[in-house]
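Going down the list, the sequences are from chains G and A.
The first sequence begins at 1 in this note's numbering and counts up by one.
The second sequence begins at 1001 in this note's numbering and counts up by one.
Note that beta-carbon positions come from the ideal geometry of N, C-alpha and C, so glycine has one too.
What follows is a single structure, written as structure tokens, with notes after it.
2 protein chains.
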Amino acid sequence: MVMEGAGKILEKLRGRGHRSTKARRLILELFISSDRPLSSADLRKMFLLKKMAVNKTTVYRELEFLAGEKIIEEIQLGKTRYFEIPKKRHHHLVCLKCRRIECLEPEKNLLKRITIKNKDFKILNYSLEIFGLCLKCK
Amino acid sequence: MVMEGAGKILEKLRGRGHRSTKARRLILELFISSDRPLSSADLRKMFLLKKMAVNKTTVYRELEFLAGEKIIEEIQLGKTRYFEIPKKRHHHLVCLKCRRIECLEPEKNLLKRITIKNKDFKILNYSLEIFGLCLKCK
DNA sequence: TATCTTAATGCAACTGAGTTGCATTTGTCA
DNA sequence: TGACAAATGCAACTCAGTTGCATTAAGATA
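Have a look at this one:
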């Protein structure tokens, strides 16, 4: 899967009348270089580590903004809200001990089988999340 | 599926040193007569409608307690935490407009297929949730 | 490159779900 | 009927996320 760079995304946003700001660039870079979903708390921790001051309101607003622009998408894993760059529909393994999240190949025929069984419900989205113990924790 | 009555459940809890209280009986009855998962807000609304005063701390503690005793189990649907009486493993359809939840037949071979692909991860639990529009809302 | 417009930011104060400590009440059993 | 602990209610708290508003700064335009 070829990943779109931060530059390309910023250019696209520019075209829609949005600006390339420090916070926006930082957050985009973090999402692009991460192989797993990130929560607002993850982002804030990373900023703290890099000693970069980004206000929490800005983080929340930027997540909201990027999700609205379809640059990232929101997923709920247990009680925590995460975001990630949309890839092919896929699922997540969540380790209940160390909280590590791993992305998982999609289940190809899943949705089709469900659609057939539920003609009356228009499916817009679905999520398959698997909880357990990872190799290190089990 | 034969549903266990509130009496049977209370008896079981009695055996473990717990009491049959007004709040406990009320909450159990609500779960038993509901065909869909309930959130703490749902319970509190129902109490308000029936003009029955149950403190919010009591509701939260009772949910925690019943979940700990495996009488109900917790599920996360979008941003809201729900609880339901455990049935055969199943899934949920959530209408994004009216927020109505419907229970769904289990996907039989789902877990088995995933297990084979991920030998390194010990699966303890999983959830498949489907979001969209119900018959009325679409 | 100075100016202007408005997108983006930072701050403080707020909301709403859920939690905690503690004093009081109440179910159950001897 | 007491005694004991489980359960309750209340107030005060935590924590994620939101809002209003004044300030800053991208970046387009002159």
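- Neighbourhood of Gly78/G in chain A, by CB distance below 7 Å: Gln1076, in chain order.
- Burial state of Pro37/G is buried, judged by a 10 Å Cβ sphere holding 16 or more other Cβ atoms.
- Per DSSP, reduced to three states, the secondary structure at Thr1080/A is strand.
- For Arg1100/A, the CB contacts under 7 Å within the same chain, skipping 5 residues up- and downstream, are Cys1134 in chain order.
- Residue pairing of Tyr1126/A in beta bridges, as defined by DSSP: Ile130/G.
- Cβ atoms of Ile1032/A and Gly1015/A stay farther apart than 8 Å, at about 19 Å.
- With contacts defined as CB atoms closer than 8 Å, Ile27/G and Leu49/G fail to qualify as a contacting pair.
- Here the C-alpha atom of Lys1122/A lies approximately 25 Å from the C-alpha atom of Leu1104/A.
- Contact of Asp120/G with chain A by beta-carbon distance below 8 Å involves Cys1134 and Leu1135.
- Between Gly132/G and Cys98/G, the C-beta spacing is not below 8 Å.
- In this structure, the alpha-carbon of Gly17/G lies about 13 Å from that of Phe65/G.
- When Cβ-Cβ separations below 8 Å define contact, Lys117/G makes contact with chain A.
- Counted as a single uninterrupted DSSP element, the alpha helix (DSSP H) harbouring Ile1114/A occupies residues Leu1110 to Lys1117.
- Cβ neighbours of Lys1070/A within its own chain (closer than 8 Å, five residues either side excluded): Pro1086.
- A distance of 8 Å or more separates the beta carbons of Glu84/G and Arg24/G.
- Where Leu1093/A is concerned, there is no enclosing alpha helix (DSSP H), although the beta strand (DSSP E) around it starts and stops at His1091 to Cys1095.
- Per the DSSP secondary-structure output, Leu1013/A pairs with nothing in a beta bridge.
- For Leu1066/A, the enclosing alpha helix (DSSP H) stretches over residues Lys1056 to Gly1068.
- Going by DSSP, Ile1072/A is part of no alpha helix (DSSP H) at all; its letter is neither H nor E.
- Sixteen is the threshold: since fewer than 16 other Cβ atoms of the shown chains lie within 10 Å of the Cβ of Tyr60/G, the residue is exposed.
- In this structure, Glu107/G and Leu128/G form a Cβ contact; the two beta carbons are roughly 6 Å apart against a cut-off of 8 Å.
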